[in-house]
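Position one of the sequence shown corresponds to residue 1 (UniProt numbering), numbered consecutively onward.
The next block holds one structure in the form of structure tokens; read it before the comments.
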Amino acid sequence: MTALFVSVIFLCTMAVNIKLPVASNGGLMHLGNVPLFIGAGIFGKKLGAYSGAIGMGLFDLVSGWAIWSPFTIVISALIGYTFGSILSKKFSVKRYLFAVAVAIVIKSAGYYIAEAIIIRNLIIPLGSIYGNVIQIIVAGIMAFPVILPLRKYFLEE
């Protein structure tokens, strides 16, 4: 199942991505977080961590964003692991919203630190935060109607 989610995450990141013209690093918004949330939300933290790290890390390596790959691997693994951990108990809207909020913090802080290291500036990376926040909110909205029925099917909640 992990391999399936690795490929779906990679394909969603590759096929649907938008470069942000105003972000200092060129910024990239993609739909790879949607299957990451679905996988972690249904099958748990390990699948979330591995599939997110490999799927998005591989995307960075093959698409011209290789310098970001080590950071993406760590950030995506943390998001998948944490998202899956929060939703490992009985599903509720409150827990789901909390998982999305935590994902926003991990992604925004993680890529802020990554960009600060890469470009050696602490101010410019602040301009990329909004794109990360929007990306996670959109993924959270898109994944929610998929996770709920599939959790019931696979986990018999």
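Using N, Cα and C, we set each Cβ at its ideal position, and we do this for glycine too.
In this structure, the alpha-carbon of Leu58 lies about 14 Å from that of Ala15. Per DSSP, the continuous alpha helix (DSSP H) segment holding Ile141 begins and ends at 129-155.
For Ile18, the uninterrupted beta strand (DSSP E) run begins and ends at 17-19, by DSSP. Non-local beta-carbon contacts of Cys12 in its own chain, meaning distances under 8 Å to residues more than five positions away in sequence, involve His30, Leu31, Gly32, Val34, Pro35 in chain order. Ranked by Cα distance from Tyr130, the first of Phe144, Ile104, Arg120 is Ile104. A distance below 6 Å between beta-carbons, with the five flanking residues on each side excluded, links Met142 to the following residues of its chain, in chain order: Val34.
Taking a C-beta distance under 8 Å as the contact criterion, Leu78 and Gly110 qualify as a contact pair. Counting along the chain, the unbroken alpha helix (DSSP H) around Leu78 starts and ends at 69-86.
Three or more beta-carbon pairs separated by less than 8 Å link the segment 57-75 to the segment 113-131, which places the two stretches in contact. Under the criterion of beta carbons closer than 8 Å, Ile54 and Thr82 do not qualify as touching, at roughly 17 Å.
For Met29, DSSP records a beta bridge to Ile18. Annotation for Tyr50: Thr2, Val6, Ala77, Gly80 place their beta carbon closer than 8 Å to its own, counting only its chain and skipping 5 residues before and after. Phe154 is classed as exposed because its beta carbon has fewer than 16 other beta carbons within 10 Å across all chains shown.
Taken atom to atom, the span from the alpha-carbon of Ile75 to that of Lys94 is near 23 Å.
Cβ-Cβ separation between Ile9 and Val146: approximately 14 Å, too far for a contact (criterion under 8 Å).
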